[in-house]
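Peer 1: Here this note's numbering = 1-based position in the sequence shown + 787.
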Amino acid sequence: LLPVVVLLASAFIAFSTGTSWGTMAIVTPIAVPLAWSVGGATPALLPVAIGTVFSGAIFGDHCSPISDTTILSSTFTGADHIDHVRTQIYYATTVLIVAAVLLTVWGATRITPLVLLPIGVVTLAGLVYVLSEFDANRKGVAATRTVRAGNRSP
């Protein structure tokens, strides 16, 4: 449960402040000793806690409307800033939810990350496809184009 709490706390702080580096500097000195004291006989908890700090911080920075990287991305591409944030937040939140679920599974079972990582990749690929189809159907647009054997013209 600790890695999920650290992940969500880091994500919230980074989203609120707009800085991943600042969040890492604030949360790492809190999360590392906490993971060390809670983990005790489980040294695997320490790198997981550090990873969740970094992941949450990068998520929050990526989705924050006041983040310098988000502002620069929308400015230099000529995109509307809030539209850019809205586009990013759906994909990033999907990743955050899958990561939180897999962290919970890891915490409950201690399954090796070599098993959980491919599960996460396949889950994310499937979710992106399903959610894209859902959004396209909602908007009345064809999300994917099927090519039939006899008709290959664009």
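Ideal Cβ placement from N, Cα and C applies to all residues, glycine included.
Given the structure is predicted, the values throughout are model-derived calculations rather than measurements.
With a Cβ-Cβ cutoff of 7 Å, do V791 and A818 count as a contact?
Peer 2: As a working note, residue 791 is residue 4 in the sequence shown. As a working note, residue 818 is residue 31 in the sequence shown. The answer is no: Cβ separation not under 7 Å.
Peer 1: According to the neighbour-count rule (16 or more other Cβ atoms, all chains shown, within 10 Å of its Cβ), is I884 buried or exposed?
Peer 2: For the purposes of this step, residue 884 is taken as residue 97 along the sequence shown, with counting starting at 1. So I884 ends up on the exposed side.
Peer 1: Going by beta-carbon coordinates alone, are I800 and T810 separated by less than 7 Å?
Peer 2: As a first step, residue 800 is located in the sequence shown; it is residue number 13 there, counting from the start. As a first step, residue 810 is located in the sequence shown; it is residue number 23 there, counting from the start. Taking 7 Å as the Cβ cut-off, I800 and T810 qualify as a contacting pair.
Peer 1: Measuring alpha carbon to alpha carbon, tell me which residue in V892, R897 and F846 is nearest V872.
Peer 2: Counting from one through the sequence shown, the residue named residue 872 turns up at place 85. Of the listed residues, the one whose Cα sits closest to V872 is F846.
Peer 1: Which residue's Cα is closest to the Cα of A822: P834, I813 and A812?
Peer 2: The residue labelled residue 822 in the question sits at position 35 within the sequence shown. A822 has its Cα closest to that of P834, out of P834, I813 and A812.
Peer 1: Which of the three DSSP states, helix, strand or coil, is assigned to V928?
Peer 2: Position 141 of the sequence shown, counting from 1, holds the residue named residue 928. Of the three classes helix, strand and coil, the one that applies to V928 here is coil, per DSSP.
Peer 1: Kindly give me the distance between the Cβ atoms of G843 and L904, rounded to whole angstroms, as I take these residues to be in contact under 8 Å.
Peer 2: By one-based count along the sequence shown, residue 843 stands at place 56. By one-based count along the sequence shown, residue 904 stands at place 117. That pair is no contact at about 18 Å.
Peer 1: Using the Cα positions of D870 and D855, report the straight-line distance between them to the nearest angstrom.
Peer 2: Here residue 870 corresponds to residue number 83 of the sequence shown, with the count starting at 1. Here residue 855 corresponds to residue number 68 of the sequence shown, with the count starting at 1. About 16 Å.
Peer 1: In or out: G942 buried (at least 16 other Cβ within 10 Å) or exposed?
Peer 2: The question about residue 942 has no answer, for the chain in this structure spans 788 to 941.
Peer 1: From the DSSP output, in three-state form, read off V934 for me.
Peer 2: Residue numbering aside, residue 934 sits at position 147 when the sequence shown is read from its first letter. Residue confidence for V934 is low, a pLDDT of 48 falling below 50, so the modelled location carries little weight and cannot support an answer.
Peer 1: Could you tell me if A866 is buried or exposed, where buried requires 16 or more neighbouring beta carbons within 10 angstroms of its beta carbon?
Peer 2: On the sequence shown, position 79 is the one that residue 866 refers to. That one is exposed.
Peer 1: Does A886 pass the burial test, meaning 16 or more other C-beta atoms within 10 Å, or should it be called exposed?
Peer 2: What you label residue 886 is simply residue 99 of the sequence shown in a count that begins at 1. It counts as buried.
Peer 1: Please state whether the Cβ-Cβ distance between F802 and S851 is less than 7 Å.
Peer 2: Sequence index remark: in the sequence shown, residue 802 carries index 15 (1-based). Sequence index remark: in the sequence shown, residue 851 carries index 64 (1-based). Yes, they are a contact pair.
Peer 1: Note down the Cα distance separating V825 from G838, rounded to an integer number of angstroms.
Peer 2: One-based indexing of the sequence shown puts residue 825 at position 38. One-based indexing of the sequence shown puts residue 838 at position 51. One C-alpha to the other measures close to 16 Å.
Peer 1: In its own chain, which residues sit with a C-beta less than 8 Å from the C-beta of T891, not counting the 5 before and 5 after it?
Peer 2: Sequence index remark: in the sequence shown, residue 891 carries index 104 (1-based). Same-chain partners within the cutoff: L788 and V791.
Peer 1: Can you say whether V908 is buried or exposed, counting buried as having 16 or more other CB atoms within 10 angstroms of its CB?
Peer 2: Walking along the sequence shown from the start, residue 908 turns up at place 121. Looking at its Cβ environment, which holds fewer than 16 other Cβ atoms inside 10 Å, V908 is exposed.
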